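What follows is a set of notes on a single structure, which appears directly below.
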Amino acid sequence: MTNKIESKIIEISATESWKKLNIVGKCSPKVDVVNKVTGAAVYTSDMYLPRMLNGRLVRCHHTRARIISIDKSAAEKVPGVVDIITHYDVPKVRFSSAGYPRETILGVCPNVDPKYMEDHYLLEEELRYEGEIVALILAEDEKAAIKAEMLLKIEYEVLPHVADTKYALSEESPLIHGGTGKNVIETEISYGDITEGFKKADLIFEDSISVQGQQHTCMETSCSIANIDPSGKVTLWSTTQVPFHIRRNIHEVLGIPMSKLRVIKPAIGGGFGERQMVQNEILCVFAAMRTKRPVRIELTREENIAYTTLRHPADIKLKTGIDKDGKIVAYEMYVCSCAGAYSGHSNYVTKAMCTKNPYKIPNVSFHADITFTNRPDSGAFRGYGNPQMCFARECHFDRIAKEIGMDPTDFRMLNLVKVGEPNPVALKSDWVLQSNGLEVCIDEGKKAIKWDEHREPNGAKRYGKGMSAALHVTGISAEPDFSSATIKLNEDGTVVLLIGSPDLGQGSDTVHSQICAETLGIKLEDVNVLSADTDITSFDGGSYSSRQTYVAGNAIILAANKVKEKILRYAAEMTGQQLGNLDTYDAWVVRKENGRKVATIADVSYFAAYKAIQPIHICESASYNALNCPPAFAAHFADVEVDVETGEIKILNFVAAHDAGTAINPDLVSAQIEGAVAQGIGYTLTEDMIYNENAKLLNNSFTDYKVPRSTDMCPIEVIIVEAYEPSGPYGAKSVGEMAVAPVPPAIANAVYDAIGVRINSLPLTKDKVLAALKENDMLIIH
Amino acid sequence: MEKKYSISFKLNGFECTVEITAGMTLAILLREVLHRTGTKVGCDIGDCGACTVLMNGRAVKSCILPAMKANGTDIITIEGLADKDNLHPLQKKFVEYAAVQCGFCTPGMILAAKAYLDENPDPTEEEVRLAISGNICRCTGYTKPIQAILGAAEEIRRDSK
């Protein structure tokens, strides 16, 4: 019998009353899943509108060049070509390609120079990376557009370029953003006194570690479709995580009032942070307005891999001082991150590397050189700075533990942050940590991976186990961070839940429906959820920072309680019972003291609409301002086999123990963890962005850019630890991003355990394993 | 005017005759001409498997298959897998086992699994892994889809007894 794999769930605390949770905590199937398994779900790229123009992006073939002139005359004459848009045609308004409003930017990075806040024009005169967009050709079909591209005469002045961060930091490198003085944005964060801290240290350790770029490779490539109706109303469908940010950016750049602009996120084939950026939405709307025709801009897979944002490559130096007991007394981080050509998310991602740290350390110093290069932008990617630093830190700490003769799990236990201590991820407030299940994660993970059992070498095969610990934010960890929810009660007692943060496939619509149904006391199937449509759903910043369950979830509770209050008021009028004695549960109005059924919510809803003295439509909205950013925690354990003849690393078993707070839907929690571990395994072993000396990506297909396939994956054992979070909806925190970060160090530490050699850069390729063995005279040569 | 060719084939059980142009792929025919957008295109070069459909019962990648090749064949897309009232066991198990996240790879993966289970109704986990190795999924890590396929195989075996 093939049973569905149930994750082990460890509950840390819960509340008791007759009113057991009815919907929260259940593995309900996702609300959108039937449409997805039958092919009925409509994604942006599935929409083909009548008279729709094909938008072809013309890209720069130079690594860096300035446009001197563009002659469109021959290209425009190609039959079927309707319009060609270049930088001469677009409004000269700068915007933040990160999508954020100024207030969020200032909340996260209060000292950021304003010139880096709004980093882009719609189309640039100077192209700063190979593949940057020069023009948009709008044609009846692709063939005409391709022909036009060949006839488009573009005269460039080729400029000296900067291919990598090492050159960018050198004195002789040309300035990518002339006039800024250098190719670097510097950022510093410090707590305590680092100099005094190192004076107190009995031992000091230093390591240099580097990580590569990684592509999201969402299965649906980036796609925008814009339509304009004769009244001037624009509708945009987009593969976006941030419909409301996109609406604001279009409004600001093109000057369209928000009332004339509707942004819809249909079903979407992945997000992972790639779609937290402004993609080609503004250009698409601009083109539709110019041509008065529907316009589609869809990236090819090659464009999507080469030219959309990637995880920041980084060179990291760590220096840690510990006392004689193994307590960390001083911790110094230096990061050189590759921003690419524009600042985008680089300020925030790089800064986030400092704070996503599950340990209590009194003296911390962080310095980052966020470095411009003539490469496509680095940006937001699941984990947002966490995977890079987590790899460096957890390998570094593993070395420290091993060198002082301490078990790596004990070293973590000794140093981890505890409930009641300052929340390590809070950037600018006195938030306190209110829940932490990391100790339980470590204990349970150790048992599951059989931490103390060791395997003897077998021929060329060596065996080892490694672990890592991490935390991740639940929300953006700075103010303001808020969500809103709207709930409309239908006359039959069912509801419409309108949410502005899009479901990207992670299942936020389902989790939100569960929170709504639980709070309102109705059945899950009675919630009809919609996300996200700027004309219909209430405002939300979007789906990023692992914030939907917590921030939007809390907004839903507030709105549902308002709806419930109205239902009870009408129930009291309908039944003659006292308002104070009534509650709702499982689609019924019940007696508060014992749960005895009084009337169905369906009857009360009908009464409120048609029979009451003052009939009303019960519809409530609420906003929730995040009052904390409770981190989720995780400990990962890998059991590996390394072949010292071939350098091949095989993961035999992987355990991911996660404190996500209450699991609103345990199936979706384990689904998030399994998927993130797979992305982490790809990042660790096979995924690498390989550029030539002109900063042109050489591996822009699934053939050459190796994301894990089913045959590359190992068994993943998920352990869910529910450390109840008082500020969370039903005690929930986050899980979406968390599980990528601890994967690479768990595997790398296991590899060290197996072969006794450390490899200080990702990915851990066969070549690197063999080179490391050779360097240490451990290579077996027959 | 581009030259058009007429082809006929069975699509999800119904005979259909359409005009195609030279160079048109089966994926474009299905999606843009016949509006069966359940068939997805993830890479357009046969790498990712999102475009997988069944041709005479075999899984084929429709993004690299000339539409012309469909002439005279029996094509099943994801829209044709369930009967009117019931999901196919594979679809049921993908729902039940939370094997769907963004869902973009799901139609192709389910059809690849269908073709494989028709050949081998009692596969091991390793055989299922291999059977869907041509279908990239970026969301799930494959654990839940593999369990769903094994669960569906069992249900199909039980039902056919």
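Chains A and B are the protein sequences, given in the same order. Under our numbering, think of the first position of the first sequence as 536, with each following residue one higher. Under our numbering, think of the first position of the second sequence as 7, with each following residue one higher. Backbone N, C-alpha and C fix where the C-beta goes; we use that ideal spot for every residue, glycine too. Since the model is a prediction, treat every value here as computed from it, not as a measurement.
For A/K688 and A/I605, I'd like the C-alpha separation in whole angstroms. The residue labelled residue 688 of chain A in the question sits at position 153 within the first sequence. The residue labelled residue 605 of chain A in the question sits at position 70 within the first sequence. If you take the alpha carbons of A/K688 and A/I605, they lie about 6 Å apart.
Quick one: which residues of the region 1233–1259 of chain A get their C-beta closer than 8 Å to a C-beta of chain B? List them in chain order. S1236, F1237, T1238, V1242, P1243, R1244, S1245, T1246, M1248, P1250 and I1251: these are the residues of the region 1233–1259 of chain A whose beta carbon lies less than 8 Å from some beta carbon of chain B, given in chain order.
Along the chain, where does the beta strand (DSSP E) that runs through A/A1167 open and close? For the purposes of this step, residue 1167 of chain A is taken as the residue at position 632 of the first sequence. Taken as a continuous stretch (DSSP letters only), the beta strand (DSSP E) holding A/A1167 covers A1167 to D1178.
Residue range of the unbroken alpha helix (DSSP H) whose run includes A/M888: Stepping through the first sequence from its first residue, residue 888 of chain A is reached at position 353. Where A/M888 is concerned, the enclosing alpha helix (DSSP H) stretches over S881 to T890.
At what residues does the alpha helix (DSSP H) containing A/D1302 begin and finish? To locate residue 1302 of chain A, count along the first sequence from 1; it is residue 767. Taken as a continuous stretch (DSSP letters only), the alpha helix (DSSP H) holding A/D1302 covers K1301 to E1310.
Distance, Cα to Cα, A/S725 vs A/V899? Taking the first residue of the first sequence as 1, we reach residue 725 of chain A at position 190. Taking the first residue of the first sequence as 1, we reach residue 899 of chain A at position 364. A/S725 and A/V899: Cα-Cα distance of roughly 5 Å.
Could you check whether the Cβ of A/D978 sits closer than 6 Å to any heavy atom belonging to the ligand COA? Among the components modelled here there is no ligand, and therefore nothing to report on the ligand COA.
Of all Cβ atoms in chain A, is any one closer than 7 Å to the Cβ of B/P113? Locating residue 113 of chain B in the second sequence gives position 107, where the first residue counts as 1. For B/P113, the answer is yes, since a Cβ of chain A falls inside 7 Å of its Cβ.
Run down chain B in chain order and give the residues with a C-beta less than 7 Å from the C-beta of A/Y1356. In the structure displayed, chain A extends from 536 to 1317; residue 1356 of chain A sits before or after that span and is not available.
Quick test of the definition: if touching needs 3 or more C-beta pairs under 8 Å, does the region 785–793 of chain A touch the region 591–601 of chain A? Below 8 Å, too few C-beta pairs join the region 785–793 of chain A and the region 591–601 of chain A to call them touching: fewer than three.
Quick one, which residues of the region 567–597 of chain A are near chain B if we go by CB-CB under 9 Å, in chain order? Listed by position, the residues of the region 567–597 of chain A near chain B (Cβ gap below 9 Å) are D567, V568, V569, N570, K571, V572, T573, G574, A575, A576, V577, Y578, S580, D581, M582 and Y583.
Kindly indicate the opening and closing residues of the alpha helix (DSSP H) around A/Y702. Position 167 of the first sequence, counting from 1, holds the residue named residue 702 of chain A. Segment T700 to L704, the alpha helix (DSSP H) holding A/Y702.
Check for me: the alpha helix (DSSP H) holding A/C819 runs from which residue to which? Here residue 819 of chain A corresponds to residue number 284 of the first sequence, with the count starting at 1. Where A/C819 is concerned, the enclosing alpha helix (DSSP H) stretches over E816 to T826.
With a threshold of 7 Å between beta carbons, is A/G666 in contact with chain B? Counting from 1 along the first sequence, the entry for residue 666 of chain A is found at position 131. So no, A/G666 is outside the interface.
Between which two residues does the beta strand (DSSP E) carrying A/Y691 extend? Here residue 691 of chain A refers to the residue found at position 156 when the first sequence is read from its first residue. K688 to V693 is the span of the beta strand (DSSP E), which, as asked, contains A/Y691.
Given that A/E638 touches chain B, what residues does it touch there, using C-beta distances under 8 Å? For the purposes of this step, residue 638 of chain A is identified with residue 103 of the first sequence, where counting begins at 1. Taking a Cβ-Cβ threshold of 8 Å, none of the residues of chain B is close to A/E638; the smallest such distance is about 30 Å.
A/G634 and A/V813: beta carbons closer than 7 Å? Sequence index remark: in the first sequence, residue 634 of chain A carries index 99 (1-based). Sequence index remark: in the first sequence, residue 813 of chain A carries index 278 (1-based). Using a Cβ distance threshold of 7 Å, A/G634 and A/V813 count as a contacting pair.
Please give the ranges of any beta strand (DSSP E) in the region 747–779 of chain A, keeping only runs that are unbroken, at least 3 residues long and fully inside the region. The qualifying runs are 758–763 and 769–773.
Would a check of beta-carbon distances place B/R163 closer than 7 Å to chain A? If you number the second sequence from 1, residue 163 of chain B lands on position 157. Not a single C-beta of chain A is nearer than 7 Å to the C-beta of B/R163.
How is A/H597 classed by DSSP in three states: helix, strand or coil? In the first sequence, the residue the question calls residue 597 of chain A occupies position 62. DSSP places A/H597 in coil when its eight states are reduced to three.
Does any residue of chain A bring its CB to less than 7 Å from the CB of B/I84? Position 78 of the second sequence, counted from the first residue, corresponds to residue 84 of chain B. Under the Cβ distance rule, B/I84 counts among the residues neighbouring chain A, one pair being separated by less than 7 Å.
State yes or no: is the beta carbon of A/P564 nearer than 7 Å to at least one beta carbon in chain B? Residue mapping note: residue 564 of chain A aligns to position 29 of the first sequence, counting from 1. At least one chain B Cβ lies under 7 Å of A/P564.
Which residue's Cα is closest to the Cα of A/T1021: A/Q749, A/A609 and A/A1157? Counting from one through the first sequence, the residue named residue 1021 of chain A turns up at place 486. A check of alpha carbon separations from A/T1021 across A/Q749, A/A609 and A/A1157 identifies A/A1157 as the nearest.
Contact belief for A/P829 with A/A887 at Cβ below 8 Å, rounded distance in angstroms: As a first step, residue 829 of chain A must be located in the first sequence, where it is residue number 294. As a first step, residue 887 of chain A must be located in the first sequence, where it is residue number 352. The distance from the Cβ of A/P829 to that of A/A887 is about 38 Å, inconsistent with a contact at the 8 Å cut-off.
My output table needs one value for A/V1064: the three-state DSSP class, helix, strand or coil. If you number the first sequence from 1, residue 1064 of chain A lands on position 529. Strand at A/V1064.
Between which residues of its own chain and A/N1356 is the CB-CB distance below 7 Å, once the five residues before and five after are set aside? This structure does not reach residue 1356 of chain A, given that chain A is present from 536 up to 1317, and the question cannot be answered.
At a Cβ threshold of 7 Å, is A/T550 touching chain B? On the first sequence, residue 550 of chain A is found 15 positions in, with the first residue counted as 1. Bear in mind that the predicted position of A/T550 carries a pLDDT of just 46, short of 50, making it unreliable; the figure below should be weighed with that in mind. Taking Cβ atoms only, chain B never reaches closer than 7 Å to A/T550, which makes this a no.
Could you name the residues of the region 10–38 of chain B whose beta carbon sits closer than 8 Å to any beta carbon of chain A, in the order they occur along the chain? Within the region 10–38 of chain B, the residues whose Cβ lies closer than 8 Å to some Cβ of chain A are R37 and E38, listed in chain order.
Inter-residue CB distance, A/G574 and B/G44 (contact presumed, cutoff 8 Å): Working through the first sequence from its first residue, we reach residue 574 of chain A at position 39. Working through the second sequence from its first residue, we reach residue 44 of chain B at position 38. Confirmed, about 2 Å.
With a threshold of 7 Å between beta carbons, is A/R917 in contact with chain E? Any reference to chain E falls outside this structure, whose protein chains are A and B.
Taking C-beta pairs closer than 7 Å, name the residues in chain B that A/C753 reaches, listed in chain order. Sequence index remark: in the first sequence, residue 753 of chain A carries index 218 (1-based). Listed along the chain, the chain B residues whose CB falls inside 7 Å of the CB of A/C753 are R144.
DSSP state of A/A549 mapped onto helix, strand, coil: The residue labelled residue 549 of chain A in the question sits at position 14 within the first sequence. A caution first: A/A549 carries a pLDDT of 43, below 50, which makes its placement in the model too unreliable to give a value.
Have a look at A/T1246 and B/A121 and give me their C-alpha separation to the nearest angstrom. The residue given as residue 1246 of chain A occupies position 711 in the first sequence. The residue given as residue 121 of chain B occupies position 115 in the second sequence. Straight-line measurement puts the Cα of B/A121 at about 18 Å from the Cα of A/T1246.
Chain A contact for B/G147 (CB, 7 Å cutoff): Position 141 of the second sequence, counting from 1, holds the residue named residue 147 of chain B. B/G147 counts as touching chain A.
Are the beta-carbon atoms of A/G1028 and A/A1137 separated by less than 7 Å? For the purposes of this step, residue 1028 of chain A is taken as residue 493 along the first sequence, with counting starting at 1. For the purposes of this step, residue 1137 of chain A is taken as residue 602 along the first sequence, with counting starting at 1. Taking 7 Å as the cut-off, the Cβ atoms of A/G1028 and A/A1137 count as close.
6 Å Cβ shell around B/C108 - same chain, five flanking residues per side excluded: What you label residue 108 of chain B is simply residue 102 of the second sequence in a count that begins at 1. Once the five neighbours on either side are set aside, the close Cβ partners of B/C108 are C145.
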